[in-house]
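Everything below concerns the one structure shown next.
Chains as they are written, first to last, in this note's numbering: chain A, 78 to 190; chain B, 30 to 141.
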């Protein structure tokens, strides 16, 4: 099925561990973004990319790294997990025009203990 | 930076009735797009409706319609003939030249 695929769906980490959340889309979309969703705060932008090789910071980038070596993939790396990073993470993609809404992945629920 | 505000954390509506969810935004851009997304308990984000800022006509999609007031920077969502399946979190979103920004969300409960 065409769309945005995120893995894993659930993850528990210990404080200080590192991990990578995977995101892939097969729609040839230029834009890709990572959001985190916390109760009462909506979705906040972590990092985004407007094309392969180009990334930029969003509202809450600290503690996260991204890269975009291909159009299809946009992994999110947690360098040293902290309890404050407990959240639901969404990857999203869209074509290059602002009129298009984002297509979202199904999300990753991450718990840092 | 653009901000999106949803002032109603929770709303409830009786089945078959009409409910309006509020959203305001702040921007200095003249060309932008506004969206409403629905997030049911499955967690999936579903696009409900889109409005182009340059269009004066309010967007409609079946039972969903918006009231777009550009001068007031207001973008409310009206759900008519509410159904049990409309129960969800609803997010208002803004997109100008690049990324998309979201409000905090409104949780809608539908009572049978």
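Here a beta-carbon is modelled for each residue, glycine too, at the ideal position from N, C-alpha and C.
Asked	Found
Under a Cβ-count criterion, where at least 16 other Cβ atoms within 10 Å of its own Cβ denotes burial, should residue 102 (chain A) be classed as buried or exposed?	buried
Do the CB positions of residue 185 (chain A) and residue 86 (chain A) come within less than 8 Å of each other?	yes
Could you tell me the distance, in whole angstroms, from the CA atom of residue 80 (chain B) to the CA atom of residue 155 (chain A)?	35 Å
To the nearest angstrom, how far is it from the Cα of residue 148 (chain B) to the Cα of residue 162 (chain A)?	Residue 148 (chain B) is absent from the structure shown; chain B starts at 30 and stops at 141.
Can you give me the Cβ contacts of residue 70 (chain B) inside the same chain, cut-off strictly under 6 Å, excluding the 5 residues immediately before and after it?	none
Say whether chain A places a C-beta atom closer than 8 Å to the C-beta of residue 133 (chain B).	yes
Please identify the residue among B:119, B:75 and B:126 whose C-alpha is closest to the C-alpha of residue 52 (chain B).	B:119
What whole-angstrom Cβ distance do residue 65 (chain B) and residue 106 (chain B) have, given they're in contact under 8 Å?	5 Å
Classify residue 130 (chain A) as buried or exposed, calling it buried when 16 or more other Cβ atoms lie within 10 Å of its own Cβ.	exposed
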